[in-house]
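Chemist: Dumping the structure here so I can ask a few things about it.
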Amino acid sequence: MAALDVEHAKMETHIRTLKLSGHVGFDSLPDQLVNKSVQNGFVFNILCIGETGLGKSTLMDSLFNTNFESTPSPHNLPTVKLKAHTYELQESNVRLKLTICDTVGYGDQVNKEDSFKAVVDYIDAQFEAYLQEELKIKRSISAYHDSRLHVCLYFICPTGHGLKSIDLVCMKKLDTKVNIIPIIAKADTISKTELQKFKSKIMQELQNNGVEIYQFPTDDESVSDVNSSMNSHIPFAVVGSTDFVKIGNKTVRARQYPWGTVQDKDRNERPIIYEDAEWEEDLSQTQKELTLNLEVTQQAVSQHLKSLGIINKQSNWVPYELKPRHVERRLCMSEMLLARHKKSVLHQFVTGDEKWIHYDNPERRKSWGLPGHASTSTVKPNIHGKKLMLCIWWDQRGVVYYELLSPCETITETLTKHN
């Protein structure tokens with residue numbers, strides 16, 4: 037017994053205690069996968085299709101906040117060529133192997149019938165290369181650079197009239213091979229109203245021609261709301277810039293105009309700042325319309341309008357809208373008549389007349405405007421209102437007296453003498 041106790045005591049003295057380097061459990065698997073993905077880096081391949089000069093390279097620079105040093109493409113290339121460039125990018129501790137494939141000379145030829153063939157051949161070649169790598173006896177997929185395209189950004193010219201034939205044909209040929217996201221390039225060249233109509237027309241033409249574009253998945257409840265909102269904005273309207281503008285104490289990538297600045301959206305999700313010119317672009321808008329167009333709360337709209345000194349005014353009623361040339365013509369005729377009869381005895385005469393008129397009290401629309409400025413005009417909606425007799429007397433200086441008779445009353449001798 038004594039010997040056994042001695043041996044047991046010796047074993048206890050040689051027992052080593054190891055400290056755990058971290059939590060042990062299958063709940064740490066997601067963190068391990070994230071760490072492994074960050075360590076290996078990510079691969080992303082983009083295909084940019086669009087006519088020369090639509091800002092494809094500029095948008096890539098703005099999207100990844102870098103300068104890829106691309107050279108401008110000429111407009112006289114006989115055929116379409118695809119150029120792929122691979123870049124190693126890093127943000128914080130995340131590495132990205134980015135491949136941007138540009139369609140050089142797309143849409144510049146007189147005969148654009150075969151413009152899409154070079155794009156289709158390139159996509160098929162990437163699938164074939166990956167297939168050949170998988171069929172090898174000694175394959176190394178982990179080290180192989182997968183050049184298959186993840187997304188195709190199709191740049192649409194901002195004409196406002198719809199898609200061109202080359203756009204529909206090309207997207208129809210590619211919709212089964214790659215994820216297509218239509219983009220309206222240089223969206224700052226058209227107004228917001230035109231942009232919404234342009235978007236609706238593009239989506240209608242895509243549906244009528246059976247073109248399938250990429251839709252963000254909404255089956256996952258955690259991202260269904262965000263993805264549904266993204267799907268409602270397709271096709272995306274984008275503006276890119278390579279210039280940096282100093283706004284306050286911060287230098288940002290933006291496009292500067294005499295009437296305001298278009299700023300690249302802050303990556304920290306800070307509030308969007310709208311220029312005063314954007315608020316004053318159309319003062320006939322109601323608070324509800326401004327809220328929908330600017331995507332802000334109605335309280336923010338009201339407070340900012342008050343800070344600008346803009347007040348709510350009732351619109352003026354006019355029989356119909358006069359064009360500037362008609363107003364100028366009336367003014368010239370009035371000045372000529374006044375100059376002709378300035379030294380006559382017309383100021384001694386008072387003229388009276390009666391006329392049936394369409395009397396109506398239409399609903400006028402209020403609008404926001406600066407103090408001292410004229411309010412907007414509203415065209416009379418109903419020209420077949422109730423008829424009333426108008427009795428009016430005037431001299432050279434203007435109207436002296438007028439009276440609206442009752443609906444069942446007409447002009448008589450007694451009423452004339454009374455007036």
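The number in the numbering used here is simply the position in the sequence shown, starting from 1, with 36 added. Where a beta carbon is used, it is the ideal one built from N, C-alpha and C, also for glycine.
1. At which residues does the alpha helix (DSSP H) containing residue 67 begin and terminate?
2. When DSSP labels each residue in this structure, what does residue 148 get in the three-state scheme?
3. So residue 235 and residue 194 are in contact, right, with Cβ under 8 Å, and what is the actual spacing, rounded?
4. Check residue 175 in the structure and name its three-state DSSP category.
5. Which residues share a DSSP beta bridge with residue 433?
6. From 126, 88 and 115, pick the residue whose C-alpha is nearest to that of residue 102; which is it?
7. Is it right to say residue 299 is buried, meaning 16 or more other beta carbons lie within 10 angstroms of its own, or is it exposed?
8. With DSSP collapsed to three states, give me the class of residue 446.
9. Thinking residue 226 and residue 190 are a contact (beta carbons under 8 Å), I'd like their distance in whole angstroms, please.
10. Please look up how many angstroms separate the CB atoms of residue 427 and residue 390, rounded, as I've assumed it's under 8 Å.
11. Which first and last residues belong to the beta strand (DSSP E) in which residue 280 is found?
12. Counting Cβ pairs, one atom from each stretch, are 3 or more of them under 8 Å apart for the segment 126-144 and the segment 58-78?
13. Classify residue 437: buried if its beta carbon has 16 or more other beta carbons within 10 angstroms, exposed otherwise.
14. From the DSSP output, in three-state form, read off residue 111 for me.
15. Distance check for residue 214 and residue 69, CA to CA, integer angstroms please.
16. Could you check how far apart the C-beta atoms of residue 266 and residue 252 are, in whole angstroms? I think they sit under 8 Å.
17. Who are residue 296's beta bridge partners in DSSP?
18. Restricting to Cα atoms, I'd like to know which of 445, 187, 188 and 166 is closest to residue 179.
19. Report the residue ranges of all beta strand (DSSP E) runs contained in full by the segment 115-147; include only those spanning at least 3 residues, in chain order.
20. Please report the straight-line C-alpha distance between residue 374 and residue 410, rounded to a whole angstrom.
21. Under the DSSP definition of a beta bridge, which residues are partnered with residue 216?
22. Can you look up residue 193 in the DSSP assignment and give me helix, strand or coil?
23. Looking only at its own chain, which residues have a Cβ that is under 6 Å from the Cβ of residue 291, when we skip the five neighbours before and after it?
Modeler: Checking against the coordinates, here is how it stands:
1. Numbered from its first residue, the sequence shown carries residue 67 at position 31. 65-76 is the extent of the alpha helix (DSSP H) around residue 67.
2. As a working mapping, residue 148 is identified with position 112 in the sequence shown. Looking at residue 148 - three-state DSSP - the assignment turns out to be coil, as it is neither helix nor strand.
3. For the purposes of this step, residue 235 is identified with residue 199 of the sequence shown, where counting begins at 1. For the purposes of this step, residue 194 is identified with residue 158 of the sequence shown, where counting begins at 1. Not quite, the Cβ-Cβ distance comes to about 11 Å (not below 8 Å), so this is no contact.
4. Sequence index remark: in the sequence shown, residue 175 carries index 139 (1-based). Coil at residue 175, not helix or strand.
5. Against the sequence shown, residue 433 aligns to sequence position 397. As DSSP reads the structure, residue 433 sits in no beta bridge.
6. For the purposes of this step, residue 102 is identified with residue 66 of the sequence shown, where counting begins at 1. Selected option, being the one with the closest Cα: 126.
7. Here residue 299 is taken as the residue at index 263 of the sequence shown, counted from 1. Flag for residue 299 reads buried.
8. For this step, residue 446 is matched to residue 410 along the sequence shown. It is coil, neither helix nor strand.
9. Position 190 of the sequence shown holds residue 226. Position 154 of the sequence shown holds residue 190. In fact, because the Cβ distance is near 18 Å, the residues do not count as touching under 8 Å.
10. To locate residue 427, count along the sequence shown from 1; it is residue 391. To locate residue 390, count along the sequence shown from 1; it is residue 354. Indeed, because the Cβ distance is near 5 Å, the residues count as touching under 8 Å.
11. Here residue 280 refers to the residue found at position 244 of the sequence shown. Note, residue 280: beta strand (DSSP E), 280-283.
12. yes
13. The residue you call residue 437 lines up with position 401 of the sequence shown. With fewer than 16 other Cβ atoms within 10 Å, it is exposed.
14. For the purposes of this step, residue 111 is identified with residue 75 of the sequence shown, where counting begins at 1. Of the three classes helix, strand and coil, the one that applies to residue 111 here is coil, per DSSP.
15. Taking the first residue of the sequence shown as 1, we reach residue 69 at position 33. Taking the first residue of the sequence shown as 1, we reach residue 214 at position 178. The straight-line gap from Cα to Cα measures roughly 27 Å.
16. Taking the first residue of the sequence shown as position 1, residue 266 is located at position 230. Taking the first residue of the sequence shown as position 1, residue 252 is located at position 216. 5 Å between Cβ atoms; contact.
17. Looking up residue 296 in the sequence shown gives position 260. Per DSSP, 293.
18. Here residue 179 is taken as the residue at index 143 of the sequence shown, counted from 1. Residue 179 has its Cα closest to that of 166, out of 445, 187, 188 and 166.
19. Secondary structure in the segment 115-147: the beta strand (DSSP E) runs of 3 residues or longer, each lying completely within the stretch, are 117-127 and 130-140 in chain order.
20. Here residue 374 refers to the residue found at position 338 when the sequence shown is read from its first residue. Here residue 410 refers to the residue found at position 374 when the sequence shown is read from its first residue. The alpha-carbon atoms of residue 374 and residue 410 are separated by roughly 26 Å.
21. One-based indexing of the sequence shown puts residue 216 at position 180. 188, per the DSSP bridge assignment.
22. In the sequence shown, residue 193 corresponds to position 157, counting from 1. If DSSP states are grouped into helix, strand and coil, residue 193 belongs with coil.
23. Locating residue 291 in the sequence shown gives position 255, counting from the first residue. If we look at residue 291 and ignore the five residues flanking it on each side, its Cβ neighbours are 277 and 298.
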